[in-house]
Amino acid sequence: MSVPASPLLPRLLRRTTTVLSTPSSSTAAWRACFRRAGETTHFQQRAGYATQRVHTKPQSQPLPRSTVKATPRPRKRSKVRSRILLLAGGGAVTAGVLAVSEDARHAGVAVQRSARVARTLAVNINDYRVTLNNDPAQDDYQTLLKACHKRCAERTLVTLEKNGSIFIKLGQHLSSLNYLLPTEWCETFIPLQDKCPVSSFESVEELVLKDTGQPLSDFFSEFESVPIGAASLAQVHRATVKETGERVAVKVQHPALDEWAPLDLALTSFAFDTIKKWFPEYDMTWLAEEMQTSLPQELDFNREAENAMRAKEYFANVKSAPLIIPTVIWAKRRILVMEYVTGHRPDDLAYLDANHIDRDEVSAALARIFNEMIFGANAPLHCDPHGGNIAVRHNPNRRSPSNFDIILYDHGLYRSPDIGIRRSYAKLWLAVINGDEKGMRQYAKDLAGISDEYFPLFASAITGRDFSVVRQGIDVPKSEEEKETITNALGDGMLADLVKLLGSVPRVLLLILKTNDLTRSLDESLHTRQGPVRSFLILARYASRTVYEEQMENLQGSIFWPPTLFTFLGAWKDYMKVRLQLRFYESWLALRGRLGLAPVM
Numbered sequence: 001m002s003v004p005a006s007p008l009l010p011r012l013l014r015r016t017t018t019v020l021s022t023p024s025s026s027t028a029a030w031r032a033c034f035r036r037a038g039e040t041t042h043f044q045q046r047a048g049y050a051t052q053r054v055h056t057k058p059q060s061q062p063l064p065r066s067t068v069k070a071t072p073r074p075r076k077r078s079k080v081r082s083r084i085l086l087l088a089g090g091g092a093v094t095a096g097v098l099a100v101s102e103d104a105r106h107a108g109v110a111v112q113r114s115a116r117v118a119r120t121l122a123v124n125i126n127d128y129r130v131t132l133n134n135d136p137a138q139d140d141y142q143t144l145l146k147a148c149h150k151r152c153a154e155r156t157l158v159t160l161e162k163n164g165s166i167f168i169k170l171g172q173h174l175s176s177l178n179y180l181l182p183t184e185w186c187e188t189f190i191p192l193q194d195k196c197p198v199s200s201f202e203s204v205e206e207l208v209l210k211d212t213g214q215p216l217s218d219f220f221s222e223f224e225s226v227p228i229g230a231a232s233l234a235q236v237h238r239a240t241v242k243e244t245g246e247r248v249a250v251k252v253q254h255p256a257l258d259e260w261a262p263l264d265l266a267l268t269s270f271a272f273d274t275i276k277k278w279f280p281e282y283d284m285t286w287l288a289e290e291m292q293t294s295l296p297q298e299l300d301f302n303r304e305a306e307n308a309m310r311a312k313e314y315f316a317n318v319k320s321a322p323l324i325i326p327t328v329i330w331a332k333r334r335i336l337v338m339e340y341v342t343g344h345r346p347d348d349l350a351y352l353d354a355n356h357i358d359r360d361e362v363s364a365a366l367a368r369i370f371n372e373m374i375f376g377a378n379a380p381l382h383c384d385p386h387g388g389n390i391a392v393r394h395n396p397n398r399r400s401p402s403n404f405d406i407i408l409y410d411h412g413l414y415r416s417p418d419i420g421i422r423r424s425y426a427k428l429w430l431a432v433i434n435g436d437e438k439g440m441r442q443y444a445k446d447l448a449g450i451s452d453e454y455f456p457l458f459a460s461a462i463t464g465r466d467f468s469v470v471r472q473g474i475d476v477p478k479s480e481e482e483k484e485t486i487t488n489a490l491g492d493g494m495l496a497d498l499v500k501l502l503g504s505v506p507r508v509l510l511l512i513l514k515t516n517d518l519t520r521s522l523d524e525s526l527h528t529r530q531g532p533v534r535s536f537l538i539l540a541r542y543a544s545r546t547v548y549e550e551q552m553e554n555l556q557g558s559i560f561w562p563p564t565l566f567t568f569l570g571a572w573k574d575y576m577k578v579r580l581q582l583r584f585y586e587s588w589l590a591l592r593g594r595l596g597l598a599p600v601m
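Counted from 1, the sequence shown has number 144 at position 144 by full-length UniProt numbering; the numbering is strictly sequential.
Written out as structure tokens, the structure is:
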């Protein structure tokens with residue numbers, strides 16, 4: 001594929017469907033994670049790195065909206081409900097008890113946790129079964145369905161809060177799936193974003209002693225007992241290294257996770273399997289599979305330290321990115337010690353304005369950083385770039401207009417897409433940019449095995465636009481009519497197809513889409529003068545670079561053969577033409593912003 005040389009019009013991507021998801025794994029992966037409990041990883045600063053003090057933070061819905069009917073119910077409601085309760089209760093309790101020790105206290109609490117999940121699951125399934133058996137043509141059907149969504153979401157919220165542990169993280173993730181779950185579920189789960197557990201200082205002391213064999217006082221002359229930040233998996237404390245006097249951030253995993261994570265993962269899998277049994281058209285078991293794979297990795301801070309240092313090494317050679325990545329001092333499976341530096345959330349607009357930090361430049365910097373991760377050869381991909389994992393700090397030593405640093409925290413969830421996926425993804429986006437439907441279909445098939453039947457849905461999912469718009473080029477704003485068309489399509493059963501589609505595509509692609517979606521959300525929170533178009537243009541620039549690099553790689557070794565030389569010159573000309581077009585349009589956007597004109601949508 002040649003780099004498209006046709007003029008590129010401004011395009012706005014309102015939303016990309018993305019889901020946290022990776023390949024399924026077995027309990028062996030979990031056990032392998034825990035076998036590393038005694039390992040300690042020490043990191044030395046590498047030559048050429050400037051010392052960077054880093055403040056680390058820990059990593060910080062619902063059922064079908066469509067009118068699909070539930071599995072037909074038996075005649076006697078009481079028997080059906082009994083069957084549901086028996087199935088859910090027996091399966092959940094069995095899964096729970098087998099996953100834990102024989103200790104009586106532990107087993108008793110495990111039964112309580114399992115019973116909460118089983119009861120909530122059974123009552124919700126019965127509630128949906130009864131509601132969906134109403135006639136969709138009746139006037140109050142949608143009102144009844146919305147009320148059912150709300151009741152079930154509220155019951156589930158209570159269970160997630162009582163069980164805590166990874167259920168909080170699950171709820172936080174579900175609250176962000178507004179493209180997949182009814183509004184009532186997403187809005188009900190929003191409070192979980194700010195409801196993270198805080199482990200006691202005594203339990204932190206016990207964890208350090210257990211994992212290192214030494215008390216806290218052997219490592220730190222000062223250790224603040226109150227954490228400066230807490231999330232679903234860990235919390236962060238400020239401390240002072242005893243030997244050097246250096247101020248550091250110490251990330252400590254919540255001690256209770258070791259006890260309950262295996263059980264909670266089993267319960268999560270059971271819940272989604274049961275939902276699939278009763279509503280087979282809504283198979284979301286891939287969410288449980290993702291947690292089975294990703295959670296053990298996120299709970300291994302040795303792995304997080306390796307991810308952080310790999311990203312630091314990679315971006316040391318990317319001069320266009322004002323990126324600061326925490327320097328890790330040492331790590332164990334549940335403890336991570338890093339240099340400490342403070343910053344402000346990227347959506348702290350008062351801080352940006354007070355320090356004369358240009359919001360448009362912050363937006364552009366974020367776009368460059370994460371597009372480099374997506375399209376850069378061998379680049380590590382951070383898959384959880386939400387507002388709590390990113391900070392901005394004023395840096396007067398950087399040249400204007402980029403008088404700031406972007407600080408990236410929480411490196412627990414990383415992936416490394418192979419070069420073939422990166423290239424196909426780049427070609428797909430260039431085809432989207434140019435309204436090339438034939439190219440879009442080809443690269444969607446290469447990238448994710450998407451058939452012609454599911455291609456319109458896939459194209460709408462990754463762009464957030466109606467397919468009739470995508471096939472003509474997405475350079476027009478999203479109209480109210482288009483929004484209504486998409487909403488009606490979800491209500492008419494497209495949601496079930498979307499769930500099936502997302503369950504079939506490569507998990508790494510879903511993580512790429514998730515990263516794009518999160519960075520676009522960050523961009524929207526900045527309320528830039530230029531609007532979202534500039535970030536999209538930056539994506540186009542990185543995509544065209546990726547295609548050009550592939551062309552150059554194919555030409556290596558025969559550059560002086562005349563036909564190959566002509567191919568090289570043609571590819572170089574097309575690539576430079578695209579770059580100039582993008583540079584010109586970015587300059588035009590910047591001028592509009594300085595003149596106070598409305599953003600281009």
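Beta carbons are placed, not taken as given, at the ideal position from N, Cα and C, and that holds for glycine.
Please read these numbers as outputs of a predicted model, since none were measured by experiment.
With DSSP collapsed to three states, give me the class of residue i.
| i | result |
| --- | --- |
| Arg359 | helix |
| Phe279 | coil |
| Gln253 | strand |
| Ser225 | coil |
| Lys242 | coil |
| Ala261 | helix |
| Ile369 | helix |
| Leu12 | With a pLDDT of only 29 at Leu12, under 50, the local geometry of the prediction cannot be trusted, and no value is derived from it. |
| Gly376 | coil |
| Lys500 | helix |
By DSSP's criteria, residue i is part of a beta bridge. Which residues make up the other side?
| i | result |
| --- | --- |
| Tyr414 | His382 |
| Asp405 | Arg393 |
| Leu323 | Ile406 |
| His237 | Val250 |
| His344 | Val392 |
| Phe220 | Val241 |
| Ala350 | For Ala350, which the question treats as bridged, DSSP gives no partner whatsoever. |
| Ala230 | Gln235 |
Which stretch, first to last residue, makes up the alpha helix (DSSP H) that contains residue i?
| i | result |
| --- | --- |
| Asp452 | Taken as a continuous stretch (DSSP letters only), Asp452 belongs to no alpha helix (DSSP H), as it is neither H nor E. |
| Val158 | Tyr141 to Asn163 |
| Ala311 | Phe301 to Phe315 |
| Gln297 | Thr285 to Glu298 |
| Gly108 | Ala104 to Leu132 |
| Val318 | Premise fails: Val318 is in no alpha helix (DSSP H) and is neither H nor E. |
| residue 602 | Nothing can be reported for residue 602, as the shown portion of the chain is limited to 1 through 601. |
| Ala448 | Glu437 to Ala448 |
| Val547 | Val533 to Leu555 |
| Asp523 | Arg507 to Leu526 |
Ordered along the chain, which non-local residues of its own chain (more than five positions away) have a Cβ less than 7 Å from that of residue i?
| i | result |
| --- | --- |
| Leu518 | Pro385 and His386 |
| Arg579 | Arg541 |
| Val318 | Glu372 |
Sorted by chain position, which residues of the same chain lie with C-beta nearer than 6 Å to residue i's C-beta, five sequence neighbours on each side aside?
| i | result |
| --- | --- |
| Asp405 | Pro322, Ile324, Arg393 and Asn395 |
| Val505 | Ala448 |
| Ser60 | Residue confidence is low: Ser60 scores 43 on pLDDT, short of 50, so the model does not pin down where it sits. No coordinate-derived value is stated. |
| Arg113 | Asn163 |
Can you have a look at residue i and say buried or exposed, based on whether 16 or more other CB atoms are within 10 angstroms of its CB?
| i | result |
| --- | --- |
| Arg583 | exposed |
| Arg398 | exposed |
| Ala256 | exposed |
| Asp436 | buried |
| Ala354 | exposed |
| Asp523 | buried |
| Val527 | Note on identity: in this sequence residue 527 is His, with Val being the wrong assignment. Counting Cβ neighbours within 10 Å, His527 comes out exposed, since fewer than 16 surround it. |
| Ser199 | buried |
| Val208 | buried |
| Asn378 | exposed |
| Ser587 | exposed |
| Ala153 | buried |
| Asp264 | buried |
| Gln214 | exposed |
| Val252 | buried |
| residue 658 | In this structure the chain extends from 1 to 601, so residue 658 is not present and cannot be described. |
| Ala543 | buried |
| Asn516 | buried |
| Asp410 | buried |
| Arg334 | buried |
What first and last residue would you give for the beta strand (DSSP E) that runs through residue i?
| i | result |
| --- | --- |
| Met338 | Ile335 to Glu339 |
Starting from the C-beta of residue i, find all residues in its chain whose C-beta is less than 8 Å away, skip the five residues before and the five after it, and write them out in chain order.
| i | result |
| --- | --- |
| Glu361 | Pro401, Ser402 and Phe404 |
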